[in-house]
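Everything on this sheet refers to the single structure shown next.
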Amino acid sequence: MALASFGAASVLLPVVALFVRAPWSRLGGALSGVGASTALRLSIEVSLAATAISVVVGVPLAWVLARGEFPGRNLLRAVVVLPIVLPPVVGGVGLLVALGRSGVVGRWLHDALGLQLTFTTAGAVVATTFVSMPLVVLATEAGLRGLDRRHERAAAAMGGSPWYVFRRVTLPMVAPQLAAGAVLTWARALGEFGATITFAGNLAGRTQTMPLAIYQARQVDPGGAIVLSLILVLVSVSVLVALGGRLTGPR
Amino acid sequence: MIPIRRGVILPFIAVLGVSCSSSSSTSPATTSTPLFVFAASSLTKAFTQIGQDFHTAHPNVTVTFDFGSSTDLASQIQSEGTADVFASASGTAMDTLQSAPGVTDRTSFATNRLVIITPPDNPAGIASIDDLAGSDVKLVLAAEGVPVGDYARQALKSAGILAQATANVVSNEDDDASVVAKVTAGDADAAIVYTSDVASSGSSVRSVAIPSAVNVVATYPIAVVTGSTHTDAATAFLDYVVEPAGQATLKDFGFGPAG
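These protein sequence lines are chains Z and G, in that order.
Under our numbering, the first residue of the first sequence is numbered 635, with each subsequent residue one higher.
Under our numbering, the first residue of the second sequence is numbered 6, with each subsequent residue one higher.
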């Protein structure tokens, strides 16, 4: 009980402090002064795009990790999970030397296709996806591993193609884990900072998501930084409360 | 509830007590004095060298640096007060600190000027400051509020191209070092940084001079922060920076002498 209250307090204290120190008397001015709506809209767009890509690419990856039988599978899993452990700035540096204008692949993208990811919203999405995708992969893989495979075998025995079985039997059965993983991915994406500022840069309306706006606001307007932080707290809490116990509790 | 609270708070106080007593019992003759120097990001290479030289001259002092945007560092020192010495890239950031918690021995120790840098192959063909207003130039500056960012905008304004050039900005970086990194990585076409950055970046960037008429001279102040628990070591470090040995190192890294 004592440890539980200490745990709760350690999370609550910084949030409460933000409320206490917020410049309530000049809230409107602080809001417009630091471009809150632009940054918030960009943050939502970038985090949703990153979540969508993570699900589209991450679910097949989770399937390969759960079902594939090939040498090096554990190594592949370690590599896929790596962004969770790495400091995001390392991810940003890695992306820069890989996909930057002079990067290993980025040089080719730029010369052949005229494509530059750095300093673009697409670049922010790439950086955010890199950091947040492992969460949906891990959750989905765990779901696939815990699955009772008799249903899949039965569907296959009745003549269902592998794709049909995956779509109509496997996917619905792992849907709860996939959904929980997607929510965690989105939450991580919303808070992404290090990889984005290192790889995509920091420009209002293009790459400056809420965390970057907060970081920059500290330089010129510490009160504004608190207001922006509170907005991010409110958005995150509303989504988590709306999802309620569905994330971890019984269904 | 009361026993629960006591159980939570008492160990916390005990921890605080231990950390207080340990920090107040420093500097017996045998142990090394820790000295915390907060310095502008543009001083990273020069001060790292000066720190090593200073340690050779004063083996009983261990210098630890915190490099970052001067504005950022000033507000950190104001709220946390962990710095012994502050070396700033702008008088404004030092003024902030001088008002609270206060500084002593404030003096100017170096100057810096602005220069345009481009990747070695200069993809946008930048030959003068006016070219920064051209179309499709990917320009990186430090954010407003960061000294080198403010100086750069001042120079662009003097050159009469502030609006066009800021429309070309693709990223507002948090400190001087991050601006340089965007150009050395080859992603930006141009950036405005300090001449000292070119001296320490070698051939990884190409520089384009900014004429004196529109250039800005940044004067760097240094001071001992009021509340420092190691004022003797702090003063010794400050003296070392303004004396010939420190000045020679600063010159090697592209800084000019203070007025």
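No residue lacks a Cβ here, since even glycine has one placed at the ideal position from N, Cα and C.
All of these numbers come straight from a predicted model, not from anything done at the bench.
Between which two residues does the alpha helix (DSSP H) holding residue i run?
i	result
Asp110/G	That residue, Asp110/G, is in no alpha helix (DSSP H); its beta strand (DSSP E) goes Val108 to Thr123.
Phe653/Z	Ala636 to Arg655
Thr762/Z	Thr755 to Arg779
His744/Z	Gly740 to Leu747
Leu676/Z	Ala670 to Arg701
Ile134/G	Here Ile134/G belongs to no alpha helix (DSSP H), and DSSP marks it neither H nor E.
Ala829/Z	Gly828 to Phe833
Asn708/Z	Arg707 to Val719
Met99/G	Gly96 to Ser104
Leu48/G	It is not in any alpha helix (DSSP H) - Leu48/G carries neither H nor E in the DSSP assignment.
Pro249/G	Pro249 to Asp257
Val153/G	Pro152 to Ser163
Ala732/Z	Pro722 to Leu733
Ala170/G	Leu167 to Ala172
Could you please give the first and the last residue of the uninterrupted beta strand (DSSP E) stretch that includes residue i?
i	result
Ser208/G	Note, Ser208/G: premise wrong, no beta strand (DSSP E); not H, not E.
Pro796/Z	Segment Pro796 to Val799 is the alpha helix (DSSP H) holding Pro796/Z; no beta strand (DSSP E) there.
Ile197/G	Ala195 to Tyr199
Ala44/G	Thr38 to Ala45
Val90/G	Val90 to Ala92
Run through the DSSP bridge pairs and tell me what residue i is partnered with.
i	result
Glu786/Z	None; Glu786/Z has no bridge partner.
Asn177/G	Leu146/G
Pro64/G	None, per the DSSP bridge assignment.
Thr224/G	Thr116/G
Ala814/Z	In DSSP, Ala814/Z forms no bridge with anything.
Asp4/G	Chain G is shown only over 6 to 264; residue 4/G falls outside these bounds and no answer can be derived.
Asp71/G	Phe43/G
Gly662/Z	DSSP, once it has assigned bridges, lists no residue as partnering Gly662/Z.
Gly839/Z	Beta-bridge pairing links Gly839/Z to no other residue.
Val854/Z	According to DSSP, which records beta bridges pairwise, Val854/Z is partnered with nothing at all.
Val213/G	Ile121/G
Considering only their Cβ atoms, is the gap separating residue j from residue i smaller than 8 Å?
i	j	result
Ala223/G	Tyr199/G	yes
Val799/Z	Ala790/Z	yes
Thr832/Z	Val760/Z	no
Asp180/G	Gln850/Z	no
Ala5/G	Val219/G	Because chain G spans 6 through 264 in this model, residue 5/G falls outside it and cannot be assessed.
Ile865/Z	Leu652/Z	no
Phe242/G	Val120/G	no
Ala51/G	Phe258/G	yes
Pro226/G	Gly96/G	yes
Ala45/G	Ala94/G	yes
Val680/Z	Ala758/Z	yes
Phe260/G	Ala115/G	yes
Ile131/G	Ala164/G	no
Leu778/Z	Ala700/Z	yes
Pro124/G	Val210/G	yes
Ala195/G	Leu144/G	yes
Ser725/Z	Pro717/Z	For clarity, residue 725/Z is Gly in the given sequence; the question names Ser instead. Against a cut-off of 8 Å, the Cβ pair of Pro717/Z and Gly725/Z comes out as a contact.
Ser81/G	Pro106/G	It should be pointed out that residue 81/G corresponds to Gln in this sequence rather than to Ser. No, Cβ-Cβ distance for Gln81/G and Pro106/G is not below 8 Å.
Report the CB separation of residue i from residue j in whole angstroms; it is logged as a contact under 8 Å.
i	j	result
Thr231/G	Val108/G	6 Å
Gln811/Z	Thr774/Z	6 Å
Val869/Z	Gly815/Z	Actually they do not touch by this definition, with Cβ atoms about 20 Å apart.
Val174/G	Leu676/Z	Not a contact, Cβ separation roughly 16 Å.
Ala847/Z	Ala673/Z	4 Å
Thr762/Z	Ala684/Z	4 Å
Thr189/G	Ser212/G	No, Thr189/G and Ser212/G are not in contact; Cβ-Cβ is about 12 Å, not under 8 Å.
Ser766/Z	Thr819/Z	5 Å
Ala834/Z	Thr754/Z	7 Å
Ala250/G	Asp58/G	7 Å
Thr752/Z	Asp192/G	4 Å
Which term fits residue i, buried or exposed, when burial requires 16 or more other beta carbons within 10 angstroms of its beta carbon?
i	result
Gly793/Z	exposed
Ala643/Z	exposed
Gly858/Z	buried
Met99/G	buried
Val221/G	buried
Glu703/Z	exposed
Arg802/Z	exposed
Asn177/G	buried
Phe764/Z	buried
Ala34/G	With a pLDDT of 48 at Ala34/G, under the threshold of 50, the modelled position of that residue is not reliable, and the figure given next carries that caveat. By the neighbour-count rule (16 or more Cβ atoms within 10 Å), Ala34/G is not buried but exposed.
Val151/G	buried
Gln103/G	buried
Val649/Z	exposed
Leu40/G	buried
Gly65/G	Just to set this straight, residue 65/G is Asn in the shown sequence, not Gly. Result: exposed.
Ala138/G	buried
Pro796/Z	exposed
Val719/Z	exposed
Problem set entry | Members of the region 68-99 of chain G that neighbour chain C once the beta carbon cut-off is set at 7 Å | You won't find chain C in this structure, because its protein chains are Z and G.
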